[in-house]
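All residue numbers for the sequence shown refer to numbering that gives the first Met the number 0, where the first residue is 0 and numbers rise by one.
A virtual CB, placed ideally from N, CA and C, is assigned to each residue, including glycine.
A short worksheet on the structure shown next.
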Amino acid sequence: MQIAVLAETATGERRVAATPETVKKLGALGATVSVEAGAGKGANIPDSAFADAGAKIGSRADVLSGAQLILGIQGPDAAGLPKGALVVASLNPYQSKDRLAAYAVGGIEALAMEFMPRITRAQSMDILSSQANLAGYKAVIDAAESYGRAFPMMMTAAGTISAARCFVMGVGVAGLQAIATAKRLGAVVSATDVRLATKEQILSLGGKPVFVEDEETKAAETSGGYAKEMSDAYKAKQAALVSETIAKQDIVITTALIPGRPAPRLVTAAQVATMKPGSVIVDLAVSQGGNVEGSKADERVVTDNGVTILGFSNYPSRLATDASALFARNLLTFVTTFWDKEAKTLVLPEDDEIVKAIRVTAGGAIVHPNLQA
């Protein structure tokens, strides 16, 4: 099987879908791997490292010629892709239906890795988790850099410096890593989520849970492990609790996302106005509309009361080397799981729960039930 790894073309995307480690392991399966020249530059992986691992290096046209499997971070444009090829990448399906339609017309089968089901068998293929983990870490580092004060309590001969107070909103993978990182840096950490089940996770990391506990909260998680959209009544109670909490914070990190929907508004301008000058908010959901009123993608916003709001549209790309390594391993695990050793090719059973969950185009059509018009 011929596998192609292309250079990413999206603005600000520095990651690459393979590393020398994964290229070598794909080659050991019997695959031929071709990497577009310069594909690893943003992740500090030179072409020579890919070549040493056994990859062929060439132009985009050379790499795509005869390619049967195309691995990507973000889905490539359909133009130039070989008919019948399989694309495996993060496809942003809800916002990229035109691209998916072009795949279908071009006879491309596409698998959206962000649709990976949250089941035990698929954990090591879960790109959302691997990338969100790094995003949560980086959010705290960015907050610390912008805060302008120390995170930990420091007792000195000149007096005591109080620890920073950090509030994490949304306790998924990114939120949990944000809690852990802020604690390691010495902050006093609290956190909230609509899912009551996260309370124990917050406590286990040394954070203080901040919850509205009612019947709706008990049913606030989908079977896939994601947060549900909550009622207006719940949102009002949550807003009151958040307002009381947020006014005391130095750092606020928001991480709440709902698949296929705009990000829920967690922090209003009025709540931001209660924070102290010099406080910092990091909005990890800014690319889907933002959790924070006033946040702007890839811009540093300073409010009238001196609060800095940060929001980057592609957090994992800001840690491109590690993010690439994890993403590439997710892809490698997927390929290995469905690899036919005898035929030395990828075989995707129609009835497999993973395949059914992530297949978005096949047979000239968009086939995923969540994407049907």
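Let me check understanding here. Comparing Cα to Cα, which of R14, A36, G53 and S161 lies closest to I72?
It is R14 whose Cα lies nearest to the Cα of I72.
Just confirm the distance between the C-beta atoms of S312 and A296, as a whole number of angstroms; I'd bet it's less than 8 Å.
With 8 Å as the limit, S312 and A296 qualify as a contact, their Cβ atoms being about 4 Å apart.
Relative to the alpha-carbon of D97, which residue among D76, E144 and A232 has its alpha-carbon at the smallest distance?
Out of D76, E144 and A232, the CA that lies nearest to the CA of D97 is found in D76.
Integer-rounded CB distance, given that M168 should sit under 8 Å from A255
6 Å between Cβ atoms; contact.
Flag this pair as yes or no: are the beta carbons of V172 and S128 separated by less than 8 Å?
Pairing V172 with S128 gives a Cβ-Cβ distance under 8 Å.
Between the Cα of P276 and the Cα atoms of D249, L283, S242 and R260, which residue gives the shortest distance?
Looking from the CA of P276, the closest CA among D249, L283, S242 and R260 belongs to D249.
Check whether the Cβ of N91 lies closer than 8 Å to any Cβ atom in chain C.
Absence of chain C from the displayed structure is noted, only one protein chain being present.
Can you check which of these residues, A52, A38 and A156, is closest to S58 by C-alpha distance?
Nearest of A52, A38 and A156 to S58, Cα basis: A38.
Sort R120, A186, L175 and Y146 by Cα distance to M152 and report the nearest one.
Of the candidates R120, A186, L175 and Y146, the one whose C-alpha sits nearest the C-alpha of M152 is A186.
Who are the Cβ neighbours of P141 in its own chain at under 7 Å, not counting the five residues just before and after it?
According to the sequence provided, residue 141 is Asp. The question's Pro does not apply to it. Taking C-beta separations shorter than 7 Å and ignoring five residues to either side along the sequence, the partners of D141 in its chain run V281 and L309, following chain order.
Determine which residues share a DSSP beta bridge with A364 and list them.
Note: A364 sits in a beta bridge opposite A361.
Buried or exposed (CB count within 10 angstroms, at least 16 for buried), T119:
The residue in question, T119, is exposed, as its Cβ has fewer than 16 Cβ neighbours within 10 Å.
Do you know offhand how far L202's Cα is from L110's?
Going from the Cα of L202 to the Cα of L110 covers about 37 Å.
Best match in A100, R260 and V211 for proximity to S242 [C-alpha to C-alpha]:
When only C-alpha atoms are compared, the closest one is V211.
For the candidate residues L68, L90, T332 and I69, whose alpha-carbon lies nearest to that of A9?
Out of L68, L90, T332 and I69, the CA that lies nearest to the CA of A9 is found in L90.
Per DSSP, what kind of secondary structure is A88 in: helix, strand or coil?
The three-state reading of DSSP puts A88 in strand, counting E and B together.
List, from N- to C-terminal side, the beta strand (DSSP E) runs of 3 residues or more that fit wholly inside the region 241-311.
As far as the region 241-311 is concerned, its whole beta strand (DSSP E) runs of at least 3 residues are 250-253, 279-282, 298-301 and 307-310.
Beta-carbon proximity of E298 to T267, cut-off 8 Å
Not in contact: E298 and T267 (Cβ atoms no closer than 8 Å).
Could you tell me the distance, in whole angstroms, from the CA atom of G29 to the CA atom of A342?
When only Cα atoms are considered, G29 and A342 end up about 9 Å apart.
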